[in-house]
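Our numbering numbers the first residue of the sequence shown as 1 and each following residue consecutively.
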Amino acid sequence: DVYNTNGVVFVSGAGTSGRLAHFVCCNFNKYLISQEKKTIFYHLIAGGEAALLKSQESAEDASVAAVKDFERARKAADVPIGGKSVLIGVTCGFSATYVGAQIEHILDNLSNDDDGWSAVALGFNPVELVRNIQVAGWNATFKHILNRLLNENNGYVLSPTVGPEGITGSTRMKGGSGTKIILESLLISAFKVLQIKDSIKNNNHLNRDNNINNNNNENTKIFNEIVLNYQKTMNETYRLSFIDGQLGKIIDKAGKALRKQKRVIYLSEDIVFGTLGVIDASECPPTYGASFDDVRAFLKGGWTTLMKNVICENPTPGIGNGDELLKSMHMDHFEQTILPTLTQNDLIIVLFHNYDFMNILDVSSRLVYVCGQAKKQHVELCCVHIYDKMMPTSEDSLSAKTLAFEECNFFANVEIPLHKLPSLENSSITPYREFACKLILNAISTGAHVLKGTTVSNLMVSLKISNAKLFDRATNLLQRLVGGEEGLPVETAQMWILKAIYGNKSHSTIVADHIVEAMSIEEPIVPLAYLMVKAGMARTDAMNALKVKSARKVILDYGKM
1 DVYNTNGVVF VSGAGTSGRL AHFVCCNFNK YLISQEKKTI FYHLIAGGEA ALLKSQESAE
61 DASVAAVKDF ERARKAADVP IGGKSVLIGV TCGFSATYVG AQIEHILDNL SNDDDGWSAV
121 ALGFNPVELV RNIQVAGWNA TFKHILNRLL NENNGYVLSP TVGPEGITGS TRMKGGSGTK
181 IILESLLISA FKVLQIKDSI KNNNHLNRDN NINNNNNENT KIFNEIVLNY QKTMNETYRL
241 SFIDGQLGKI IDKAGKALRK QKRVIYLSED IVFGTLGVID ASECPPTYGA SFDDVRAFLK
301 GGWTTLMKNV ICENPTPGIG NGDELLKSMH MDHFEQTILP TLTQNDLIIV LFHNYDFMNI
361 LDVSSRLVYV CGQAKKQHVE LCCVHIYDKM MPTSEDSLSA KTLAFEECNF FANVEIPLHK
421 LPSLENSSIT PYREFACKLI LNAISTGAHV LKGTTVSNLM VSLKISNAKL FDRATNLLQR
481 LVGGEEGLPV ETAQMWILKA IYGNKSHSTI VADHIVEAMS IEEPIVPLAY LMVKAGMART
541 DAMNALKVKS ARKVILDYGK M
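In structure tokens form, the structure reads like this:
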């Protein structure tokens with residue numbers, strides 16, 4: 001209905017969800033362009049485009065900015081009267097005010113026949129378990145919005161429960177992968193149905209067109225087949241990535257790099273794999289308390305490449321085209337500024353996607369040259385190569401690949417030859433290979449931070465408190481860590497979190513102020529509070545302890561007391 005009535009699809013989210021909204025919208029706009037059709041996918045991300053690279057403080061909690069972003073994009077879309085449009089708001093825990101405020105705006109103002117907007121909330125938390133939390137500046141709660149959606153004809157709630165996150169509370173892995181699977185399965189299914197209908201129309205079987213339009217069982221079958229293709233991809237990816245311990249070797253080197261205050265760097269000349277590298281790297285600071293430079297990604301064309309196939313950019317206050325942040329993920333920036341500073345124990349991971357090495361990666365290519373320069377500086381080099389198993393490969397191409405890999409001297413090479421699975425006919429979209437790449441990158445960066453000691457018993461204790469949800473999560477983590485027979489009351493846990501943030505300074509009661517102050521502190525807040533309450537340390541002594549030992553080490557050491 002959206003496509004046939006000149007409507008549009010908005011996909012909105014904060015953090016990981018917003019980054020995947022950008023990724024999916026770009027991919028499907030690229031598909032429409034390849035089919036010489038009008039582009040219809042608009043992404044909205046809390047905090048603007050800068051959030052694609054770096055977490056933006058309190059952006060998830062900004063209800064007013066959310067509606068302004070939505071209305072700016074709606075104006076740019078210029079949907080005709082009667083056009084059917086939809087907002088898919090992605091928030092894995094059903095907590096992002098940014099998404100909730102946009103859904104509320106649609107339900108209050110745009111759900112009549114003339115405007116024709118529908119709203120979908122996509123998350124991975126059972127609706128009955130969603131907490132009724134009030135965020136400053138917004139009169140509603142997400143729980144209230146979900147209840148409204150369940151009772152609206154133009155409202156939908158998608159909440160497949162995919163189990164707990166691999167690192168508790170982190171949506172970057174299961175929640176992020178679930179988002180990619182659900183969004184792409186829905187969109188691929190919709191386009192496949194359109195392809196079938198177009199084919200039938202071209203053959204003048206109009207009566208069958210009506211049957212397909214009403215055949216929900218057939219549509220469900222198409223959707224289920226696509227989801228099962230992701231499952232096959234996951235199984236193959238994990239099976240192949242551990243052959244000869246190749247992935248384990250990379251994770252071990254990445255962990256060593258971080259422990260020695262060195263860097264993990266993704267390099268790619270491919271737009272989709274390069275973008276996935278940017279997404280994975282951008283999630284490490286808020287998830288693990290990492291610095292911006294700990295895990296970085298660089299791709300050919302940089303920001304211009306990242307914004308390719310974006311219809312309407314989501315502006316960021318204070319960020320312009322010449323801003324250093326936007327320059328920071330360009331391959332040129334890496335070669336000119338970062339590469340000369342790399343030394344032993346820094347790690348470069350090259351991402352190859354379906355390359356014919358004879359044509360694309362000969363020994364004179366820029367990427368191989370960069371790796372050669374890094375090798376001279378004793379940098380650790382490895383690669384991840386994911387490709388179509390059925391892609392014809394000549395002997396010359398295999399020889400070129402061998403020569404290039406020898407030139408780079410990779411210590412490990414994760415090769416994932418996947419069987420080509422059906423998605424969209426005559427399309428360059430590669431959802432399953434992208435999914436395999438995401439799984440590998442998540443495994444590397446997660447494993448590296450676990451080895452660095454930023455997690456405790458699957459708890460994400462080193463998280464950055466960058467929004468109201470994470471302030472609440474930090475309180476809950478402290479409760480769990482201190483434990484005891486009766487546990488730590490929530491009010492007491494929150495008091496110690498605030499003591500860790502402010503010390504003895506006076507402070508307001510506004511959560512947004514707590515977030516600004518917390519983001520200015522280098523040490524992870526939860527372990528800091530833990531040492532203060534559990535070990536009775538003064539704040540300064542606790543900070544000094546965390547400079548010497550990892551969060552996991554100090555918590556486990558003092559947990560034995």
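Virtual Cβ for every residue (Gly too), placed ideally from N, Cα, C.
Practice task
Using beta-carbon positions only, say whether residue 88 and residue 120 come within less than 9 Å of one another.
Solution key: Stepping through the sequence shown from its first residue, residue 88 is reached at position 88. Stepping through the sequence shown from its first residue, residue 120 is reached at position 120. Yes, these two residues count as a Cβ contact at 9 Å.
Practice task
Would you decide whether residue 420 is buried or exposed? Buried here means 16 or more other CB atoms lie within 10 Å of its CB.
Solution key: In the sequence shown, the residue the question calls residue 420 occupies position 420. Residue 420 comes out exposed.
Exercise for the section: Give me the Cα-Cα distance between residue 1 and residue 455, rounded to the nearest whole angstrom. Expected result: Locating residue 1 in the sequence shown gives position 1, counting from the first residue. Locating residue 455 in the sequence shown gives position 455, counting from the first residue. Rounded to the nearest angstrom, the two C-alpha atoms are 46 Å apart.
Handout entry: Reference residue 289; option with closest CA among 383, 460, 147
Key = Position 289 of the sequence shown, counted from the start, is the residue given in the question as residue 289. Of 383, 460, 147, the residue nearest in Cα terms is 460.
Handout entry: Backbone secondary structure at residue 400 - three-state DSSP
Key = On the sequence shown, residue 400 is found 400 positions in, with the first residue counted as 1. Looking at residue 400 - three-state DSSP - the assignment turns out to be helix.
Exercise for the section: Would you list the one or two residues that DSSP bridges to residue 44? Expected result: Position 44 of the sequence shown holds residue 44. Paired residue(s): 12.
Exercise for the section: Please state if the CB of residue 312 and the CB of residue 545 are separated by a distance shorter than 9 Å. Expected result: Position 545 of the sequence shown, counting from 1, holds the residue named residue 545. Position 312 of the sequence shown, counting from 1, holds the residue named residue 312. It is not a contact, given that the beta carbons lie outside the stated cut-off.
Practice task
Please go through the same chain and pick out, in chain order, the residues whose beta-carbon is closer than 6 Å to the beta-carbon of residue 183, but skip the five residues on each side of it.
Solution key: Counted from its first residue, the sequence shown places residue 183 at position 183. So the qualifying residues of the chain are 24.
Problem - Nearest candidate by alpha-carbon position, reference residue 46, set 86, 90, 30, 74 - result: Counted from its first residue, the sequence shown places residue 46 at position 46. Minimum Cα distance to residue 46 is reached at 90.
Practice task
Using 10 angstroms around the beta-carbon of residue 242, count the other beta-carbons present and answer buried if the total reaches 16, otherwise exposed.
Solution key: Taking the sequence shown and counting its residues from 1, one reaches residue 242 at position 242. Exposed.
Problem - Proximal residues to residue 274 (C-beta, below 6 Å), its chain only, five neighbours per side dropped - result: Taking the sequence shown and counting its residues from 1, one reaches residue 274 at position 274. Closer than 6 Å at the Cβ level, and outside the excluded window around residue 274, lie 268, 299.
Practice task
Check each candidate in 176, 440, 190 and name the one with the smallest Cα separation from residue 221.
Solution key: Taking the first residue of the sequence shown as 1, we reach residue 221 at position 221. Ranking the options by Cα distance to residue 221, first place goes to 190.
Problem - Span separating the alpha-carbon of residue 343 from that of residue 263 - result: Against the sequence shown, residue 343 aligns to sequence position 343. Against the sequence shown, residue 263 aligns to sequence position 263. Computed Cα separation, rounded: 10 Å.
Practice task
Please state whether DSSP places residue 121 in a helix, a strand or coil.
Solution key: Here the question's residue 121 lines up with position 121 in the sequence shown. Note: residue 121 maps to strand in three-state DSSP.
Exercise for the section: Could you check the C-alpha separation between residue 48 and residue 68 for me, to the nearest Å? Expected result: Sequence index remark: in the sequence shown, residue 48 carries index 48 (1-based). Sequence index remark: in the sequence shown, residue 68 carries index 68 (1-based). Each residue's CA atom was taken as its position, placing residue 48 and residue 68 some 12 Å apart.
Exercise for the section: Rounded to whole angstroms, what's the CA-CA distance from residue 57 to residue 551? Just pull it up for me. Expected result: Start at 1 with the first residue of the sequence shown, and residue 57 comes out as number 57. Start at 1 with the first residue of the sequence shown, and residue 551 comes out as number 551. Using only the alpha carbons, I get a separation of about 23 Å.
Exercise for the section: Would you please state the rounded distance, in angstroms, between the beta carbons of residue 250 and residue 99? I believe it to be under 8 Å. Expected result: Within the sequence shown, the letter at position 250 stands for residue 250. Within the sequence shown, the letter at position 99 stands for residue 99. Their Cβ separation, rounded to whole angstroms, is 35 Å, which puts residue 250 and residue 99 out of contact at 8 Å.
Problem - Paired residues, beta bridge with residue 347 - DSSP - result: Within the sequence shown, numbered from 1, the residue matching residue 347 stands at position 347. DSSP, once it has assigned bridges, lists 264, 380 as partnering residue 347.
Handout entry: Endpoints, beta strand (DSSP E) assigned at residue 298
Key = By one-based count along the sequence shown, residue 298 stands at place 298. Unbroken beta strand (DSSP E) run through residue 298: 295-299.
Practice task
Under 6 Å Cβ to Cβ from residue 30, same chain only, skipping five residues before and after it: list those, please.
Solution key: Here residue 30 refers to the residue found at position 30 of the sequence shown. Excluding residues within five positions, the ones whose Cβ falls inside 6 Å are 309.
Exercise for the section: Would you kindly report the start and end of the unbroken alpha helix (DSSP H) that includes residue 529? Expected result: Position 529 of the sequence shown, counting from 1, holds the residue named residue 529. Run containing residue 529: 525-534, per the alpha helix (DSSP H) assignment.
Practice task
On the DSSP bridge assignment, give the partners of residue 85 in chain order.
Solution key: Counting from one through the sequence shown, the residue named residue 85 turns up at place 85. Bridge partners of residue 85: 117.
Handout entry: Among 537, 424, 497, the one whose alpha carbon lies nearest that of residue 185
Key = As a working mapping, residue 185 is identified with position 185 in the sequence shown. Residue 185 has its Cα closest to that of 424, out of 537, 424, 497.
Exercise for the section: Say whether the segment 503-521 touches the segment 486-495, bearing in mind that this needs 3 or more beta-carbon pairs closer than 8 Å, one atom from each stretch. Expected result: no
Practice task
Using alpha carbons as the reference points, say which of 116, 101, 283 lies closest to residue 134.
Solution key: Reading the sequence shown from its first residue, position 134 is the one you call residue 134. Nearest of 116, 101, 283 to residue 134, Cα basis: 101.
Exercise for the section: Below 7 Å CB to CB, which residues in the same chain sit around residue 283 once its five sequence neighbours on both sides are set aside? Expected result: On the sequence shown, residue 283 is found 283 positions in, with the first residue counted as 1. The residues are 16, 172.
Exercise for the section: Taking only the alpha-carbon atoms, compute the straight-line gap between residue 129 and residue 94 and give it to the nearest angstrom. Expected result: Translated into the one-based positions of the sequence shown, residue 129 becomes position 129. Translated into the one-based positions of the sequence shown, residue 94 becomes position 94. Using only the alpha carbons, I get a separation of about 10 Å.
Practice task
Give me the Cα-Cα distance between residue 548 and residue 556, rounded to the nearest whole angstrom.
Solution key: In the sequence shown, the residue the question calls residue 548 occupies position 548. In the sequence shown, the residue the question calls residue 556 occupies position 556. Whole-angstrom Cα-Cα distance: 14 Å.
Practice task
Starting from the Cα of residue 524, find the closest Cα among 498, 506, 37 and give me that residue.
Solution key: Here residue 524 refers to the residue found at position 524 when the sequence shown is read from its first residue. Shortest Cα-Cα distance from residue 524 to any of 498, 506, 37 involves 498.
Practice task
Could you work out which residue in 418, 348, 142, 301 is closest to residue 232 when comparing CA atoms only?
Solution key: Locating residue 232 in the sequence shown gives position 232, counting from the first residue. Considering only alpha carbons, the answer is 418.
Problem - residue 64 versus residue 187 - alpha carbon distance - result: Taking the sequence shown and counting its residues from 1, the one referred to as residue 64 is at position 64. Taking the sequence shown and counting its residues from 1, the one referred to as residue 187 is at position 187. About 29 Å.
Exercise for the section: Please list, in chain order, all residues of the same chain as residue 287 whose beta carbon is under 7 Å from its beta carbon, the five residues on each side excluded. Expected result: Sequence index remark: in the sequence shown, residue 287 carries index 287 (1-based). Once the five neighbours on either side are set aside, the close Cβ partners of residue 287 are 170, 172, 460, 463.
Exercise for the section: Report the three-state DSSP secondary structure of residue 28 (helix, strand or coil). Expected result: Position 28 of the sequence shown, counted from the first residue, corresponds to residue 28. Of the three classes helix, strand and coil, the one that applies to residue 28 here is helix, per DSSP.
Exercise for the section: State yes or no: is the C-beta of residue 518 within less than 9 Å of the C-beta of residue 531? Expected result: Here the question's residue 518 lines up with position 518 in the sequence shown. Here the question's residue 531 lines up with position 531 in the sequence shown. No, they are not a contact pair.
Handout entry: Start and end residues, alpha helix (DSSP H) containing residue 439
Key = The residue given as residue 439 occupies position 439 in the sequence shown. Where residue 439 is concerned, the enclosing alpha helix (DSSP H) stretches over 431-452.
Exercise for the section: Can you have a look at residue 376 and say buried or exposed, based on whether 16 or more other CB atoms are within 10 angstroms of its CB? Expected result: Taking the sequence shown and counting its residues from 1, the one referred to as residue 376 is at position 376. Burial call: exposed.
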